Amino acid sequence: MWCQRDNQTAVAFIMTRVKEPDEDDWLKLRRVLKYLYGVVYLSLTLDASKMSLIRWWVDALFAVHHDLRSHMGAVLLLGKGGVISMSRKQKLNTKSSTEAEVVGVDDASSQILWTNYFIKA
Numbered sequence: 024m025w026c027q028r029d030n031q032t033a034v035a036f037i038m039t040r041v042k043e044p045d046e047d048d049w050l051k052l053r054r055v056l057k058y059l060y061g062v063v064y065l066s067l068t069l070d071a072s073k074m075s076l077i078r079w080w081v082d083a084l085f086a087v088h089h090d091l092r093s094h095m096g097a098v099l100l101l102g103k104g105g106v107i108s109m110s111r112k113q114k115l116n117t118k119s120s121t122e123a124e125v126v127g128v129d130d131a132s133s134q135i136l137w138t139n140y141f142i143k144a
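Take 24 as the starting number for the sequence shown in my numbering and just add one per residue.
Below, the structure written as structure tokens:
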């Protein structure tokens, strides 16, 4: 899935509802399209002046899918913008939001480690 980083999570979530959308899903789709129409002329700004400052942000949404699976997202901030991002449905069912966060960090850890090794090489 390719989309802008600022709406990647919303688009990934809506894509899971394509087979059986309900009224709420249509409202979410309209909201995303309205947002995209409003920001069509914004440009992406990247600045690599602070290459030594590497920050990853990982978050998870607990039990948001129909099968009660959680959704995780992660973004690498390098300097002044998001360079790498991911958003996906978790493969495990979790019992709490804290557990969903831990599973989200575990899902992103391979990408985090690979990116750190690549940048330091």
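Don't be surprised by glycine CBs; every beta carbon is placed ideally from N, CA and C.
Note that this is a predicted model, so its numbers are computed, not measured.
- The beta carbon of Val128 sits closer than 7 Å to those of Val81, all from its chain and outside the five residues before and after it, given in chain order.
- Cβ contact annotation for Val55 (same chain, cutoff 8 Å, sequence separation greater than five): Asn30, Ala33, Val34, Ile37, in chain order.
- Comparing alpha carbon positions, the residue from Phe85, Arg40, Pro44, Gln134 closest to Ser108 is Gln134.
- Burial state of Thr121 is exposed, judged by a 10 Å Cβ sphere holding fewer than 16 other Cβ atoms.
- Of the candidates Leu52, Arg78, Thr68, Glu46, Arg78 places its Cα closest to the Cα of Leu136.
- Taking 8 Å as the cut-off, the Cβ atoms of Thr68 and Lys114 do not count as close.
- Counted as a single uninterrupted DSSP element, the alpha helix (DSSP H) harbouring Leu59 occupies residues 46 to 61.
- Between Ala123 and Ala97, the gap from beta carbon to beta carbon reaches 8 Å or more.
- Taking C-alpha positions only, Asp45 is separated from Val126 by approximately 28 Å.
- The residues Ser93, His94, in chain order, have a CB closer than 7 Å to that of Leu84 in the same chain once the five nearest residues on each side in sequence are set aside.
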